[in-house]
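Note sheet for the following structure.
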Amino acid sequence: MNNAVCDLPGGLRVAPTAVPLPQQPAPAGLDELVLAGGCFWCTEAVFAALAGVLSVESGYVGGTAETAEYRRVCAGDTGHAEAIRLRFAPAQISAGQLLQIFFSVAHDPTQKDRQGHDRGRQYRSAVFFHDEAERQYVADYIEALNRAGVFAAPIATTLEPLTTFFRAEEYHQRYALRNPWQPYIQAVAVPKMEKLRDYFAAQLKTDEE
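Going from the sequence shown to my numbering is simple: count from 1 and add 17.
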């Protein structure tokens, strides 16, 4: 991540809670999502705050084991995306609710190969699917969102088969939580968390969780 202040309007024409949920049920057994939406420090912070999310890891997806290293990934030529792997309890929060927040709060899905001033394929918007059922589920949802016109531009999110998820270096895990006053976190993650609290307060973890 570079240190420039990022303007991330989200591309939305409506309030995040007005972004429709998927109309189709999620595939049976889907309890893990691998998502990329720019800086993994910031997307991790959003999803770690949600009740029903059991774990969130930051990592790299799309390239090889040899290039799954932060400085190499930042060069933008490895094929990797900065991504998160989240495991969740479907009885507490659905895959559809998580995707709604992914598209409406966690990042701007209308930006191609960038988020704000962070530019390069490592910052692309992507869902890494486990199987064809998940791919079709997400593809149908993206099509529905585009038809609904809730974004000011077409969604640029790619659907890519999940290969290996490489866990990022330990200092990247829970980075926003451990570094709340870091300038990038203040500029990018904090506004996302404020939006999450403003619109999805009922879905946040309590102090006991």
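We put the CB at the ideal spot given by N, CA and C, even for glycine.
Around H147, the same chain offers L179 as residues with beta carbons nearer than 6 Å, after the five sequence neighbours per side are excluded.
Distances from the CA of D48 to each of A193, Q128 and Q114 were compared; the closest alpha carbon is that of Q114. A contact between stretches requires three or more CB pairs, one per stretch, nearer than 8 Å, and the region 137–155 meets this requirement with the region 40–54. Rounded to the nearest whole angstrom, the C-alpha separation of N163 and I172 is 7 Å.
K222 is classed as exposed because its beta carbon has fewer than 16 other beta carbons within 10 Å across all chains shown.
In the three-state reduction of the DSSP assignment, D157 falls in the helix class.
Listed in chain order, the beta strand (DSSP E) runs fully inside the region 57–133 are 70–78 and 98–105, counting runs of at least 3 residues.
Below 8 Å, enough C-beta pairs join the region 38–47 and the region 153–161 to call them touching: three or more.
In this chain, the beta strand (DSSP E) harbouring E177 covers T175 to P178. Rounded to whole angstroms, the separation of the alpha carbons of A112 and L176 is 16 Å.
A185 and A108 have their alpha carbons spaced roughly 29 Å apart. In this structure, the CA atom of L29 is about 16 Å from the CA atom of E211. In this structure, C59 and A193 form a Cβ contact; the two beta carbons are roughly 7 Å apart against a cut-off of 8 Å. Taking R89 as reference, the option from F168, A35 and Q139 with the minimal CA-CA separation is Q139.
For a cut-off of 8 Å, the C-beta gap from H124 to Q117 is around 13 Å, too long to register as a contact. When secondary structure is reduced to three states using DSSP, D135 falls in the strand class. Within the DSSP secondary-structure output, L52 pairs in a beta bridge with I101 and V144.
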